[in-house]
Amino acid sequence: MIPILIQSLDMFFNFVRFLLIARIILSWVALARGGGGGPITNIVFSLTEPFLAPIRSIISRSPLGGPGMMIDFSVLIVFLLLPVVRNLIVSVLIGLM
12 MIPILIQSLD
22 MFFNFVRFLL
32 IARIILSWVA
42 LARGGGGGPI
52 TNIVFSLTEP
62 FLAPIRSIIS
72 RSPLGGPGMM
82 IDFSVLIVFL
92 LLPVVRNLIV
102 SVLIGLM
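The numbering used here numbers the first residue of the sequence shown as 12 and each following residue consecutively.
Here's what the structure looks like:
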């Protein structure tokens with residue numbers, strides 16, 4: 012049962028990474044077009060926003076962030092945190108065996 016959970020967890024984290032990469036690419040395309048995107052862009056943004064919004068709120072309160080920040084580092088931070096969270100969850104699951 013635990014190996015199936017770990018495989019499902021890996022699939023979920025891979026899907027989140029794929030969505031984050033898609034968000035980066037779609038944001039560049041939307042920026043190049045001068046504005047909003049289509050329905051696919053809206054879906055990708057709405058699926059990734061729950062992962063990025065808490066990081067953005069932490070960054071905005073830090074000395075590095077603020078409303079005038081030009082580069083959104085939240086995607087990079089989420090990319091760095093995803094393997095850590097995955098490994099923590101897997102270690103808990105293995106401990107349950």
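All C-beta atoms in this analysis are idealised placements derived from N, C-alpha and C, irrespective of residue type, glycine included.
Exposure of residue i, with buried meaning 16 or more beta-carbon neighbours within 10 Å
i	result
L87	exposed
S85	buried
L91	exposed
L16	exposed
L99	exposed
R1	It is not possible to answer for residue 1, since the shown part of the chain is limited to 12 through 108.
Three-state secondary structure (DSSP) of residue i
i	result
L58	helix
D83	coil
G49	coil
L93	helix
M108	coil
G22	One point to set straight first is that residue 22 is Met, not Gly, in the sequence displayed. Correct three-state label for M22: helix.
Residues of its chain near residue i, where Cβ-Cβ distance is below 8 Å and the 5 sequence neighbours each way are ignored
i	result
L37	G48, I51, T52, V55, F56
R28	F90, L93
Check: residue i C-beta below 7 Å from any heavy atom of the ligand NAD
i	result
S57	This structure does not include the ligand NAD; it has no bound ligands of any sort.
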